[in-house]
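S.K.: Sharing a structure here in structure tokens format.
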Amino acid sequence: MRHILVLLAVILMAKLTVAQTVEVCKTCPISTLKDGIAQAKDFDTIVVKKGTYKEHNVLVNKPLTIIGENYPVIDGELKGEIITVTSDNVTVDGLFIINVGNSYTADYAAIRVKNSKNFLIQNLVLEKLFFGIYIEKSRDGKVFHNKIIGEAVEEYNSGNGIQLWYSRNVQIEHNFVQHVRDGIYLEFSNDCVIKNNVSALNVRYGLHFMFSNDDSYEDNTFENNGAGVAVMFSKRIQMFNNIFKENWGTASYGLLLKEINDAEIVGNTFENNTIGINIEGSNRINYKHNTFSNNGWAIKVKGACYTNIFTENNFLYNSFDIAYNSKVNDNEFDKNYWSSYTGYDLDKNGIGDIPYRPVKLFSYIVNRTPETIILLRSMFIDIIDFSEKVSPVFTPDDLLDNNPQIKKLTW
């Protein structure tokens, strides 16, 4: 008899805890998202029907799944933050969120996830925003397939598209971000994966991260952003198969590396940037299978860059392949293809018979006196570059690729 009573109690508890579906619509008994959340129980699903709901400061403080049907509009009326998630195990899916409030003292977001884990933010369209998706002190979550379109014109009064702060193990995939300050921004956020995103036409950076270790960036496109991509003060970063292109301007680059150590930069394309990669204070980085095409400078190496390896990369029709501001070289260049290599291959083994010297004297001069760039195509420049190649005085005499490839590399 006791076993039967226990079984009945278990069945009753199971029935009581079965998740229910709560409908929200303009003509339903529950007509606002706030009321839907208030009346829902843990692990219920809230279905928001098509329509416009003028709401802000919506607090999701219990485990729920919120699904928009045919993209209902959540209009914050420029009054502040719109949705804030503070519970674990929350899904927000399929909403059209607009009109986030602007502030110089608070980072209002279309949707903020705060002190939470196991969250899923997907299939959202965010417009007329300050910050888009803001992940704060959260972990083990996913940000998938969102479209974030801002109206940013200047840095000081605009926010970022997707921002992570003190977060861990977050996947950011298949998002489209444009016209914000920084497309994707990470600070103190480790073990994250940023994959298959497009970040373009942003005021400052397509991607910007600082003090964030052990992150992976794969198959993303960063195009036509104000200053490109900035990577600073981080360790053990992997950047695979990304595209950095059309980042032009006097202070622009495809990728800035500052104080980065023990990283892998493999299979990326740097095309039509003022500078492909600008490197400062970065060590023990492996650059492999990258293509640098039609950039002003393919790579600018500034101070304190040691034991980096550049191998099996393509350098194609850049105005300058390598800029170097020191006569001391502790980096290795080997088995790269250089379109400006004029050597020969008498033994037909695919490797040039004479080493290639990628740092030209004129590059050294332009680094110190930018105005001399107007002489780029003159015969005089060809002469001084040839003289430096024969007898290096101003450029590192040991900065050589001893095995330059005769044919463009394919992988």
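Numbers -19 to -1, 1 to 392, taken from mature numbering (1 follows the signal peptide of the UniProt record, and there is no 0), label the letters of the sequence shown in order. For each residue, glycine too, the CB sits at the ideal point set by N, CA and C. Just so it is clear, the structure is predicted and the values come from calculations on it, not from any experiment.
Output the distance between the C-alpha atoms of Q103 and K15, rounded to the nearest integer angstrom.
M.R.: The straight-line gap from Cα to Cα measures roughly 20 Å.
S.K.: Taking all protein chains shown into account, do 16 or more other C-beta atoms lie within 10 angstroms of the C-beta of K388, making it buried, or fewer, making it exposed?
M.R.: K388 is exposed by the Cβ-count criterion.
S.K.: Helix, strand or coil: which one does DSSP assign to G230?
M.R.: Coil at G230, not helix or strand.
S.K.: Beta-carbon separation of K283 and N306 under 9 Å?
M.R.: Against a cut-off of 9 Å, the Cβ pair of N306 and K283 comes out as a contact.
S.K.: What residues are listed by DSSP as bridge partners for R217?
M.R.: Paired residues: none, contrary to the question.
S.K.: Counting only runs that start and end within the segment 4 to 50, where is the beta strand (DSSP E) found for 3 or more residues in a row?
M.R.: The segment 4 to 50 contains these whole beta strand (DSSP E) runs: 26 to 29, 33 to 35, 39 to 41, 46 to 49.
S.K.: Taking Cβ positions, are R217 and D195 nearer each other than 9 Å?
M.R.: For R217 and D195, yes; Cβs fall inside 9 Å.
S.K.: Leaving out five residues on either side along the sequence, give the residues of the same chain with a beta carbon under 6 Å from the beta carbon of I92.
M.R.: Once the five neighbours on either side are set aside, the close Cβ partners of I92 are I64, I114.
S.K.: Kindly list the residues whose CB is nearer than 6 Å to the CB of Q1, restricted to its own chain and excluding five residues on each side of it in sequence; keep chain order.
M.R.: Counting only Cβ-Cβ distances below 6 Å, and skipping sequence neighbours, we find D25.
S.K.: If you draw a straight line from the C-alpha of G164 to the C-alpha of L390, how long is it?
M.R.: Taking the straight line joining both Cα atoms gives about 32 Å.
S.K.: Quick check on residue 412: buried or exposed, where buried means 16 or more other Cβ atoms within 10 Å of its Cβ?
M.R.: Residue 412 is absent from the model: the chain starts at -19 and stops at 392.
S.K.: Name the two residues that bound the continuous beta strand (DSSP E) containing W146.
M.R.: Residues 143 to 146.
S.K.: Use the C-beta contact count for S84: other C-beta atoms within 10 angstroms, 16 or more gives buried, fewer gives exposed.
M.R.: The residue in question, S84, is exposed, as its Cβ has fewer than 16 Cβ neighbours within 10 Å.
S.K.: By Cβ distance below 6 Å, which residues in the same chain neighbour residue 401 in space, the five residues on each side in sequence not counted?
M.R.: Outside the displayed span of the chain (-19 to 392) sits residue 401, for which this structure offers no information.
S.K.: With 16 other CB atoms within 10 Å as the buried threshold, where does L327 fall?
M.R.: It is exposed - the Cβ of L327 has fewer than 16 other Cβ atoms within 10 Å.
S.K.: Let me make sure I understand the geometry here. Which of I78, N183, N264, P336 has the alpha-carbon closest to that of E204?
M.R.: It is N183 whose Cα lies nearest to the Cα of E204.
S.K.: Taking DSSP as the reference, what is the three-state secondary structure of Y298?
M.R.: Looking at Y298 - three-state DSSP - the assignment turns out to be coil, as it is neither helix nor strand.
S.K.: Quick check on this structure: which residue in A232, F225, N138 has the alpha carbon closest to the alpha carbon of T250?
M.R.: Out of A232, F225, N138, F225 has the C-alpha closest to the C-alpha of T250.
S.K.: Tell me which same chain residues have a C-beta within less than 6 Å of the C-beta of V340, skipping the five on either side of it?
M.R.: The residues are I303, Y305, T376, L380.
S.K.: For A285, does the count of other Cβ atoms within 10 angstroms reach 16, so buried, or fall short, so exposed?
M.R.: That one is exposed.
S.K.: So, under 8 Å CB-CB, W278 and S300 are touching, yes? Tell me the CB distance rounded to an integer number of Å.
M.R.: Indeed they touch by this definition, with Cβ atoms about 7 Å apart.
S.K.: Take T33 and list the residues in its own chain whose beta-carbon comes closer than 7 Å to its own, dropping the five residues that flank it on each side.
M.R.: Same-chain partners within the cutoff: V54, D56.
S.K.: According to DSSP, is N171 part of a helix, a strand, or is it coil?
M.R.: N171: strand per DSSP, three-state reduction.
S.K.: Below 9 Å between beta carbons: does that hold for residue 398 and I47?
M.R.: The question about residue 398 has no answer here: the residues shown for the chain are numbered -19 through 392.
S.K.: What beta strand (DSSP E) runs, 3 residues minimum, are completely inside the segment 107 to 192?
M.R.: List check, beta strand (DSSP E) in window: 112 to 117, 120 to 125, 128 to 130, 143 to 146, 149 to 154, 157 to 159, 165 to 168, 174 to 176, 179 to 181, 186 to 191.
S.K.: Does the distance from the CB of I129 to the CB of L107 come in under 9 Å?
M.R.: Cβ distance < 9 Å, so I129 and L107 count as in contact.
S.K.: For D74 and K43, which I take to be in contact (beta-carbon distance under 8 Å), what is that distance rounded to the nearest angstrom?
M.R.: Between K43 and D74 the Cβ distance is about 17 Å, and since that is not below 8 Å, they are no contact.
S.K.: Of the choices V210, S12, I78, F100, whose alpha-carbon is the least far from that of D69?
M.R.: When only C-alpha atoms are compared, the closest one is F100.
S.K.: Here's the rule: buried if 16 or more other CB atoms are within 10 angstroms of the residue's CB, otherwise exposed. What is E136?
M.R.: Under this definition E136 is an exposed residue.
S.K.: What's the gap between the Cα of C6 and the Cα of N201?
M.R.: Using only the alpha carbons, I get a separation of about 38 Å.
S.K.: For W278, list the residues DSSP reports as bridge partners.
M.R.: DSSP output for W278 lists I256, F301 as bridge partner(s).
S.K.: Are E252 and N275 close, meaning C-beta to C-beta below 9 Å?
M.R.: Going by C-beta atoms, E252 is nearer than 9 Å to N275.
S.K.: Measure the C-alpha to C-alpha separation of P385 and T323 and round it to an integer number of angstroms.
M.R.: When rounded, the distance between both Cα atoms is 10 Å.
S.K.: So, are the CB atoms of I175 and V212 less than 9 Å apart?
M.R.: Contact flag unset, no.
S.K.: Counting C-beta neighbours from all protein chains within 10 Å, is the total for E132 16 or more, i.e. buried, or is it exposed?
M.R.: Looking at its Cβ environment, which holds fewer than 16 other Cβ atoms inside 10 Å, E132 is exposed.
S.K.: Which class does residue 472 belong to by DSSP, given the choice of helix, strand or coil?
M.R.: Within the shown structure, residues of the chain are numbered from -19 to 392, placing residue 472 beyond reach of any answer.
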